[in-house]
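See below for the structure under consideration.
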Amino acid sequence: MEAEKPKMIYRSLGNTGLKVSILSFGTWLTAHDEKAEEDIIECMKKAFELGVNFFDTAESYGGGVAETLLGKGLKAIGAPREDFVVSTKLVACGTGANDKMLSRKHLIEGTKNSLKRLDLEYVDVIFCHRPDTQTPIDETCRALDWIIEEGYAFYWATSEWTADQIARAMEICKEEDLHKPIADQCQYNALKRENFEKNLRHSYENYKYGTTIWSPIAMGLLTGKYNDGNIPEGSRMSTDYGKSVCWTEYCGKKDENKDKVFDSLNKLEDIAKEVGCTQSQLALAWALVNRDVSTCIFGATKVSQVEENLKAVEVATNWTLELEEKIEAALDNQPDSEVDFNTFTPKRPRRIVALDTSMSLD
């Protein structure tokens with residue numbers, strides 16, 4: 001008898017009616033493994049079969065390679081266009097002076113070039129991949145409004161913008177009656193919480209801002225394969241990029257954070273065993289039960305990885321406050337709360353406010 005497929009859950013992307021699967025497929029890995037094209041397309045097909053409807057890419061991933069592959073993958077799946085939610089991100093692709101950042105010229109030309117590589121008439125969401133401190137933000141907002149009005153995209157969003165930058169964009173769009181941004185693509189996982197839970201809090205509260213989070217398993221650290229403190233041969237951390245960027249992101253340039261990080265990782269391993277899931281599934285589920293997370297982006301080069309990741313939905317649906325408290329104690333890294341000056345007491349931590357132990361759809 002065929003095993004029952006995990007049931008997917010869909011959430012609104014920010015303050016919109018657009019529904020996205022809470023787990024989504026990202027193509028960042030493509031930029032670092034062009035030889036795995038067939039494998040990645042098979043992963044996309046399996047993800048779609050298991051309920052994933054949101055696929056994310058960027059013009060900068062492999063200089064457009066990831067967009068081309070995503071386009072091929074969507075065609076291989078063969079479903080109607082309306083069954084997919086597709087996003088790309090713009091910030092740099094090319095060597096020319098105007099092939100980067102968020103000017104009107106690059107945003108419009110970059111969008112058209114991305115659509116050619118994707119072989120699509122439109123994308124659902126265009127992300128500003130990083131903030132641009134040189135281009136006036138009103139120029140960026142007007143350009144994205146034009147892109148939407150022309151039918152090249154339905155929505156626009158930000159990525160790794162500060163709460164102040166998001167608020168300024170919202171203010172300009174309201175003043176000029178432009179399409180507002182709907183979500184931020186930001187890093188969030190059990191080891192990296194400050195920006196998501198504390199800095200962006202007012203974006204959720206004031207605008208119902210959505211999020212499409214990246215690196216939910218901390219670039220592989222939360223999978224369990226590094227729990228002994230060593231770097232396995234052939235792993236992501238064993239590459240030059242992995243050592244210089246991924247490892248130092250969490251452990252520090254001189255491994256000053258390593259002991260604390262790996263103490264938490266080993267405690268999470270024990271908790272995962274108690275729950276009866278893998279450490280990856282526990283890490284993904286931990287992110288999913290936060291309602292401020294609209295969707296959680298994962299990458300894969302093996303179908304088995306897709307199947308394992310999708311089982312995190314079931315772990316999330318069985319989440320309890322007891323489990324949450326046990327993990328919080330293991331992590332010991334909850335961001336400090338702001339003070340509510342009406343009562344001169346700390347506000348409830350945003351994660352607790354947003355915690356969803358029923359995995360409801362709203």
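Sequential numbering of the sequence shown, starting at 1, is according to full-length UniProt numbering.
We put the CB at the ideal spot given by N, CA and C, even for glycine.
Please state the DSSP three-state secondary structure of residue i.
| i | result |
| --- | --- |
| Thr-320 | coil |
| Gln-334 | coil |
| Ser-87 | strand |
| Lys-100 | strand |
| Thr-212 | strand |
| Gln-134 | coil |
| Lys-253 | coil |
| Asn-15 | coil |
| Asn-195 | helix |
| Ser-238 | helix |
| Ala-183 | strand |
| residue 390 | The structure shown does not extend to residue 390, since the chain spans only 1 to 362, so no value can be given for it. |
| Asp-340 | strand |
| Gly-26 | strand |
| Lys-7 | coil |
| Ser-60 | coil |
| Ser-244 | helix |
What are the boundary residues of the alpha helix (DSSP H) that residue i is part of?
| i | result |
| --- | --- |
| Lys-105 | 104–118 |
| Ile-166 | 163–176 |
| Val-52 | Val-52 -> no alpha helix (DSSP H), and no H or E assigned at all. |
| Ala-287 | 279–288 |
| Gln-305 | 303–310 |
| Lys-260 | 258–275 |
| Glu-205 | 201–207 |
| Ile-77 | 65–77 |
| Ile-352 | 350–354 |
Considering just the uninterrupted stretch of the beta strand (DSSP E) at residue i, what are its terminal residues?
| i | result |
| --- | --- |
| Phe-298 | 295–298 |
| Ala-157 | 153–159 |
| Cys-128 | 123–128 |
| Tyr-10 | 10–12 |
Return the residue from the list the options that minimises the CA-CA distance to residue i.
| i | options | result |
| --- | --- | --- |
| residue 363 | Asp-83, His-106, Ala-36 | The structure shown does not extend to residue 363, since the chain spans only 1 to 362, so no value can be given for it. |
| Ser-215 | Ile-182, Ser-159, Ile-297 | Ile-297 |
| Arg-130 | Asn-113, Leu-102, Leu-144, Tyr-152 | Leu-102 |
| Gln-334 | Asp-340, Phe-341, Asn-342, Glu-325 | Glu-325 |
| Ala-143 | Leu-178, Gly-26, Ile-231 | Leu-178 |
| Leu-200 | Leu-221, Cys-251, Thr-162 | Thr-162 |
| Lys-100 | Gly-63, Arg-348, Leu-120, Glu-121 | Gly-63 |
| Tyr-250 | Thr-239, Asp-240, Phe-262 | Phe-262 |
| Glu-152 | Phe-127, Asp-119, Val-123 | Here residue 152 is Tyr; the residue named in the question, Glu, does not match the sequence. Tyr-152 has its Cα closest to that of Val-123, out of Phe-127, Asp-119, Val-123. |
| Leu-284 | Glu-38, Glu-269, Val-315 | Val-315 |
| Thr-301 | Phe-344, Arg-11, Lys-45 | Lys-45 |
| Ile-137 | Ile-148, Asn-318, Glu-171, Arg-291 | Glu-171 |
| Glu-338 | Leu-331, Arg-351, Ala-329, Glu-328 | Arg-351 |
| Leu-268 | Glu-38, Gly-51, Leu-191 | Leu-191 |
| Gly-299 | Ser-203, Ala-66, Asp-332 | Ala-66 |
| Gly-96 | Phe-84, Ser-87, Glu-109, Val-85 | Glu-109 |
Between residue i and residue j, which are expected to be in contact by the criterion C-beta below 8 Å, what is the C-beta distance as a whole number of angstroms?
| i | j | result |
| --- | --- | --- |
| Ile-182 | Gly-14 | 4 Å |
| Thr-211 | Val-293 | 6 Å |
| Val-289 | Thr-357 | 7 Å |
| Gln-185 | Ala-157 | 7 Å |
| Gly-79 | Phe-48 | Reading the sequence as shown, one finds Ala at residue 79 and not Gly. About 7 Å separates the two Cβ atoms, so the contact holds. |
| Met-219 | Tyr-226 | Actually they are not in contact, since the Cβ atoms of Met-219 and Tyr-226 sit about 10 Å apart, beyond 8 Å. |
| Ile-217 | Asn-189 | 6 Å |
| Leu-282 | Val-275 | 6 Å |
*Would you say the stretch 40–59 touches the stretch 70–88, given that touching needs at least three Cβ pairs under 8 Å?*
yes
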